[in-house]
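Taking it in order: structure first as structure tokens, then the write-up.
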Amino acid sequence: MKNIAILGSTGSIGTQTLAVVDEFSDIKVWGLSAGSNITLLEEQIRKYRPTLAVVYDEDKGKVLSEKVKDLGVKIETGMAGLLHLATMIEVDTLVTAIVGMIGIRPTIAAIEAGKDIALANKETLVCAGHLIMPLAKEKGVKILPVDSEHSAIFQALRGNEEKAIDKIWLTASGGPFRGKKEEDLLAVTVSDALNHPNWSMGHKITIDSATMVNKGLEVIEAKWLFNVPIDQVEVIIQPQSIIHSMIEYQDGSVMAQLGMPDMKLPIQYALFYPERRRMKEERLDFRSLKSIVFDNPDMDTFYGLKLAYIAGRRGGSLPTVFNAANELAVKLFLNQEITFLEIYQIIEDCLRHHTVIENPTVEEILRVEQETYQRINSRR
Ligand code: NAD
Ligand code: MG
Numbered sequence: 001m002k003n004i005a006i007l008g009s010t011g012s013i014g015t016q017t018l019a020v021v022d023e024f025s026d027i028k029v030w031g032l033s034a035g036s037n038i039t040l041l042e043e044q045i046r047k048y049r050p051t052l053a054v055v056y057d058e059d060k061g062k063v064l065s066e067k068v069k070d071l072g073v074k075i076e077t078g079m080a081g082l083l084h085l086a087t088m089i090e091v092d093t094l095v096t097a098i099v100g101m102i103g104i105r106p107t108i109a110a111i112e113a114g115k116d117i118a119l120a121n122k123e124t125l126v127c128a129g130h131l132i133m134p135l136a137k138e139k140g141v142k143i144l145p146v147d148s149e150h151s152a153i154f155q156a157l158r159g160n161e162e163k164a165i166d167k168i169w170l171t172a173s174g175g176p177f178r179g180k181k182e183e184d185l186l187a188v189t190v191s192d193a194l195n196h197p198n199w200s201m202g203h204k205i206t207i208d209s210a211t212m213v214n215k216g217l218e219v220i221e222a223k224w225l226f227n228v229p230i231d232q233v234e235v236i237i238q239p240q241s242i243i244h245s246m247i248e249y250q251d252g253s254v255m256a257q258l259g260m261p262d263m264k265l266p267i268q269y270a271l272f273y274p275e276r277r278r279m280k281e282e283r284l285d286f287r288s289l290k291s292i293v294f295d296n297p298d299m300d301t302f303y304g305l306k307l308a309y310i311a312g313r314r315g316g317s318l319p320t321v322f323n324a325a326n327e328l329a330v331k332l333f334l335n336q337e338i339t340f341l342e343i344y345q346i347i348e349d350c351l352r353h354h355t356v357i358e359n360p361t362v363e364e365i366l367r368v369e370q371e372t373y374q375r376i377n378s379r380r
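The sequence shown: position 301 = 301 (the numbering used here), numbered continuously.
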């Protein structure tokens, strides 16, 4: 029996994780959690009967407790609730499907408690990779990537020595604005940016895909997950999202992982690793596909990606600034308070004005996050 808990069960990755769970009888969900969507959380509680459900919002927690009092499930709230969920005794794998830096503390707590991590929450590794990777090694827990690109690399590494990597080719769809120039991006709207060509995802990551900041976060994440210098990670546009990433080995041989753009595949792979299970979804059809195309990323127009390389190369607390500035800027863009290109300007301004802390602790990371938000808010 596989025993899991999900941080962020009501979102895109969370609901797809539950769709994978539905296909198998040997996986049990012990903990579910959400930020505020108690309607869906209640449905999930009734279906999966976890022993613990956490809703971050305290008032919503009270409402939910009342609604499910017939079931005997424990309802908790806030960070204390998330930390409890992350360390539940019955659980062997925590799925981190929560969005944003709020995932850092529960993920660290889970590793400390010896849980394997099926990691979707990329913000955690971007800000705290220097803490998480050594801790996971020390505790002997697996960090199993859920993000499609990192799952592809993880799969392409099997049977090979990591040390022989020459380059990681991280593929990117290019998002809804691929091929556009700065002048075309001046007046794009929230709904233009939410219109991703290949993937249906949460709002934050969909905007990150449109700015290509998502790819920047993934470059930094790849550096930590696969222990390679950041300049050995190269981004290549693959607009069909069929090649999910590739490894070029030192002898020039390239291993790629291909598949339909469906997150259930990497989720299932992470949950059952190292086993492969049957998945009944649509398969790639090479006869109708005919060609797979590539393009270079335009890092001058989509310069959030360039800024990610700068932050990732410098390291310390700078990736936290990059990530926090982006989180708030995306929120402001989604609220229609700033324009699309202002997202880049805000990130760049915050990076420029930060004094880097080397090897920041969790407390320092969270303080830098708050300072970054304060800077952005004070300048508006
Ligand atoms: P989403 O917005 O659809 O879902 C986020 C989930 O987190 C929801 O369940 C929400 O309730 C929960 N949440 C938010 N704030 C919370 C809080 N304070 N306390 C508890 N729960 C909280 O996001 P998503 O698209 O599923 O993405 C989740 C993470 O996975 C992100 O880090 C994203 O970058 C990463 N990721 C997503 C995809 C994808 O296809 N969606 C692919 C790769 C990586
Ligand atoms: Mg991805």
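Where a beta carbon is used, it is the ideal one built from N, C-alpha and C, also for glycine.
heavy atom of the ligand NAD below 7 Å from residue i C-beta
| i | result |
| --- | --- |
| A34 | yes |
| H203 | yes |
| N195 | no |
| K139 | no |
| M212 | no |
Separation of residue j from residue i, as counted between CA atoms
| i | j | result |
| --- | --- | --- |
| K331 | R287 | 42 Å |
| I338 | L328 | 11 Å |
| S9 | V29 | 10 Å |
| L334 | S191 | 9 Å |
| K62 | K74 | 11 Å |
| P106 | A19 | 23 Å |
| I38 | P50 | 15 Å |
| L289 | S209 | 24 Å |
| W169 | P239 | 14 Å |
| L307 | S151 | 24 Å |
| K2 | G259 | 25 Å |
| Q232 | K167 | 5 Å |
Per-residue DSSP class, three states only, for residue i
| i | result |
| --- | --- |
| W199 | coil |
| A187 | coil |
| V146 | coil |
| T205 | Checking the displayed sequence, the identity of residue 205 turns out to be Ile instead of Thr. Note: I205 maps to helix in three-state DSSP. |
| Q232 | helix |
| A222 | helix |
| S407 | The structure shown does not extend to residue 407, since the chain is modelled only from 1 to 380, so the question has no answer here. |
| A34 | strand |
| A256 | strand |
| T93 | strand |
| L119 | strand |
| V29 | strand |
Residue interval of the beta strand (DSSP E) (run including residue i)
| i | result |
| --- | --- |
| I243 | 243-249 |
| D349 | Per DSSP, D349 belongs to no beta strand (DSSP E); it is in the alpha helix (DSSP H), 340-352. |
| D166 | 165-172 |
| I4 | 2-7 |
| G175 | Where G175 is concerned, there is no enclosing beta strand (DSSP E), given that its DSSP letter is neither H nor E. |
| V73 | From DSSP, V73 is part of no beta strand (DSSP E); its letter is neither H nor E. |
Range of the contiguous alpha helix (DSSP H) that encloses residue i
| i | result |
| --- | --- |
| M79 | 78-86 |
| V54 | Not the alpha helix (DSSP H): V54 falls in the beta strand (DSSP E), residues 52-55. |
| I267 | 264-272 |
| T355 | Run containing T355: none; DSSP gives neither H nor E here. |
Residue i Cβ short of 7 Å to the ligand MG heavy atom set
| i | result |
| --- | --- |
| S148 | yes |
| E218 | yes |
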